[in-house]
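Here the structure is laid out as structure tokens; the discussion comes afterwards.
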Amino acid sequence: MRIYFFTEQPYPDAWREDVKSLRVNIPNRECDPRVAADLFHRHQDEWCMADELGLDIMVNEHHATATCLTSICTITLGILARLTKRARILTLGMPIANRVDPVRIAEEFATIDVISRGRFDMGLVRGVPYEVPLAPRSAVGHMDRFWEAHDLIIKALSTRDGPFDWQGEYFQFRNVNVWPQCWQQPHPPVWITANAPINIREVAARNYVQATFLTGFRTKSIFDHYRAACAEAGKPPPAPDRFAYLGLVAVASTKAEALRRAEQLTGYIRTSSIVADPFKTPPGYFSSPDAVRQLKANVVRQAETRDGKSVNIHSGSVQDLIDAGIIFAGTPDEVYQQIATFRDRAGGLGNLLAMCQGGHLPYKETTDSLSLLAKEVLPRLQADSAAMQKQAA
Amino acid sequence: MPGTGFSGGVQAVEMRGTKLEIIERGTGKPLLFLHPHIGLHGSDAFLEKLAAEARVLAPSHPGFGRTGVPAGFTSVDDIAYFYLDLLEQLDLREVLVVGSSFGAWIAMELAVKTTQRISHLVLLDPVGAKFGPREQSDVVDIFAVAQPRLHELSFHDVVHAQRDYASMSDEDLAIIARNRESSARYAWNPYMYNPKLAQRLHRITVPTLVMCGASDRLMAPGWGRHYANAIAGAGAGRYLEIAAAGHFPHIEQPGELARHVHEFARAAVPTAA
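Residue numbers (this note's numbering), protein chains in the order written: chain A, 1 to 393; chain B, 394 to 666.
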């Protein structure tokens, strides 16, 4: 089991009642660059501490939003590639269907892989709906464009006898010839977020890591599509390291303090969907049945608890969200138990993406939580993994 | 057929492997109605009044209504060639083309290529060419405005916009979603225009009438004059504003609009091509 420490580098000063949309159309006058600089430095320090503690590192990117100051994940990773010593550094990820230049992405990725001497995990994502209004191309044909961008990036990173030309449906490039050559051969490991069966099959067919975010106890049914695809292809069952799950994590020496930290963390999920209506349903993003449902009624994202109770992930209480596997919070013993239960219920999980900072949680509490997670929770999960591997052998 | 609000006359035409849904009404001189980005919704009365003096053909554009999307269709240019094929396939001549908003854009893209089969052009609240400054869209971003506000901007009287989604069938709702998706397919970016169209409008020499709803707030007041001035067959004398109508005068003032179309077709004699 690996644990990747993740924060979106949120900007909570702008999370005010009078700000009706925290994404897309929130003007950047709401962002004080001095505050932003402090936040960037602080989160770099947290990621470096995670590296020292034996955790791995995850970053992401969103655009025009007070929920996430990381607008270019590869800049953050470029800094971390040099500052950190041992951690895997993951982006999950690069929204490749929304970006215009996959070759530039390949160059950024190769550079990070080399600076980090092979510690880079290359996550590719479709991106949430409210990223589409900021993109030059619409969501029509989004997944086709995603896979063409993927194919081009993989070829650009894997080719050793370039240049080559690319004349696809969505992208056209002359003389593709990425320098430097990747450290990891033929290219860094690929991770992809996928929830829909049709996309999961594509991920499974390539033996990539499949990740899912905040899907709670539904996660097993999502991972099962990957397992089924492997079985159908006559491949052995996928190892736990093919699966990743993102949840919120708050650890403290007492339960009361951990719950207090969890409450501060939930600022992220309580604000992450605050966006002006028209940006929630970009045309072409959703399937026709989903689009029909949206016309009939506003759809609220639900999660399920272990015993099947439905929880609104944007307004549920901390306890509801713990029960639903969205938050892992408590003393080290409790958090270990919650994660182990979740891992087993998911049918195996090799990578926990731990959002340990979600807005208002201060530096001291964040690093204390990280420290407990690394020193008192991770070793037990790793011991479990070793035992399970031994058993399987 | 459900959803169209049209009692009859809806048929499917096969166009090189793509099923084209097309309404046909009336007899006489052929009239091609090209619907706006919201589809054929609300245009029944207008088509009925046009059909009193013409053979009206009102297709759903590729990707709209129940019409398929041919492979590789990404631009209004593609739709224009599709309709040039249709005019040839049905061997229509001396066609009066009436386009509303996004449909007017298609009409202009058709006409800059060739007017061999076109006698007159009527453009209703046209979009498709860029006249304004680079820092501002000529047309309000329909993908960025909440629906109640969008209705206020699009209609003189929002009663014309109201549709009860709760009581509609899934099939009809799917068409609304499909129309919205196809609007994005063709008009997302550059938003609602082809950067090349303005420099080509001089090629349209057939008699052209531009009409705009006086309450159209999707564009600045009088914005349609840019089109009238740029099209050789129009000119300042062929620009009309329709009172008590917004961006879709064919929905809000179908009778008056149809009367203007018929009068224009009778009065304006096409010059030899």
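Quick reminder that beta carbons are idealized off the backbone N, C-alpha and C, glycines included. If you're wondering where the values come from, they're calculated on a predicted model, not measured in any experiment.
In or out: residue i buried (at least 16 other Cβ within 10 Å) or exposed?
{"i": "B/G421", "result": "exposed"}
{"i": "B/S575", "result": "buried"}
{"i": "A/N28", "result": "exposed"}
{"i": "A/T254", "result": "exposed"}
{"i": "B/H595", "result": "exposed"}
{"i": "A/D290", "result": "exposed"}
{"i": "B/Y558", "result": "exposed"}
{"i": "A/V395", "result": "What is shown of chain A runs 1 to 393, which leaves residue 395 of chain A out entirely."}
{"i": "B/N587", "result": "buried"}
{"i": "A/A392", "result": "exposed"}
{"i": "B/G496", "result": "buried"}
Does residue i come out as helix, strand or coil in the three-state DSSP assignment?
{"i": "A/Q357", "result": "strand"}
{"i": "A/V176", "result": "strand"}
{"i": "B/K422", "result": "coil"}
{"i": "A/W166", "result": "strand"}
{"i": "B/A661", "result": "coil"}
{"i": "B/K412", "result": "strand"}
{"i": "A/L55", "result": "coil"}
{"i": "A/P12", "result": "helix"}
{"i": "B/L477", "result": "helix"}
{"i": "A/V24", "result": "coil"}
{"i": "B/E446", "result": "coil"}
{"i": "A/N199", "result": "helix"}
{"i": "B/M612", "result": "coil"}
{"i": "A/R2", "result": "strand"}
{"i": "A/A303", "result": "strand"}
{"i": "A/S272", "result": "coil"}
{"i": "A/F217", "result": "helix"}
Between residue i and residue j, is the Cβ-Cβ spacing less than 8 Å?
{"i": "A/R261", "j": "A/S369", "result": "yes"}
{"i": "A/D323", "j": "A/R343", "result": "no"}
{"i": "A/G247", "j": "A/G359", "result": "no"}
{"i": "A/V140", "j": "B/R573", "result": "no"}
{"i": "A/S71", "j": "A/A276", "result": "no"}
{"i": "B/T598", "j": "B/G626", "result": "yes"}
{"i": "B/I499", "j": "B/L427", "result": "yes"}
{"i": "B/S512", "j": "B/E545", "result": "no"}
{"i": "B/I568", "j": "B/G410", "result": "no"}
{"i": "A/Y285", "j": "A/H62", "result": "no"}
{"i": "A/V335", "j": "A/V209", "result": "no"}
{"i": "A/L349", "j": "A/F213", "result": "no"}
{"i": "A/I269", "j": "A/I313", "result": "yes"}
{"i": "B/P642", "j": "B/G606", "result": "yes"}
{"i": "B/M604", "j": "B/I635", "result": "yes"}
{"i": "B/V462", "j": "B/G456", "result": "yes"}
{"i": "A/A211", "j": "A/L92", "result": "yes"}
Indicate whether at least one CB of chain B lies closer than 8 Å to the CB of residue i.
{"i": "A/D277", "result": "yes"}
{"i": "A/P27", "result": "no"}
{"i": "A/V140", "result": "yes"}
{"i": "A/L295", "result": "yes"}
{"i": "A/A36", "result": "no"}
{"i": "A/G127", "result": "no"}
{"i": "A/V292", "result": "yes"}
{"i": "A/R145", "result": "no"}
Can you give the Cα-Cα distance for residue i and residue j, rounded to whole angstroms?
{"i": "B/H653", "j": "B/E417", "result": "21 Å"}
{"i": "A/F171", "j": "A/G330", "result": "48 Å"}
{"i": "B/T460", "j": "A/C356", "result": "50 Å"}
{"i": "A/D396", "j": "B/Y584", "result": "Residue 396 of chain A is absent from the structure shown; chain A starts at 1 and stops at 393."}
{"i": "A/P33", "j": "A/P12", "result": "14 Å"}
{"i": "B/A661", "j": "B/G402", "result": "29 Å"}
{"i": "B/R571", "j": "A/S273", "result": "25 Å"}
{"i": "B/G398", "j": "A/V125", "result": "For B/G398, the pLDDT reaches just 47, beneath the cut-off of 50, and the residue's location in the model is therefore unreliable, leaving the point undetermined."}
{"i": "A/R293", "j": "A/T215", "result": "20 Å"}
{"i": "B/A591", "j": "B/K523", "result": "6 Å"}
{"i": "A/E169", "j": "B/D531", "result": "29 Å"}
{"i": "A/W183", "j": "A/R160", "result": "12 Å"}
Measure from the C-beta of residue i to each C-beta in chain A and report whether the shortest distance is under 8 Å.
{"i": "B/N582", "result": "yes"}
{"i": "B/P647", "result": "no"}
{"i": "B/L566", "result": "yes"}
{"i": "B/V499", "result": "Per the sequence shown, the amino acid found at residue 499 of chain B is Ile instead of Val. Chain A contact via Cβ: absent."}
{"i": "B/I635", "result": "no"}
{"i": "B/R659", "result": "no"}
{"i": "B/S453", "result": "no"}
{"i": "B/G398", "result": "Unreliable positioning characterises B/G398 in this predicted model, as indicated by a pLDDT of 47, which lies under 50. A coordinate reading is not provided."}
{"i": "B/E656", "result": "no"}
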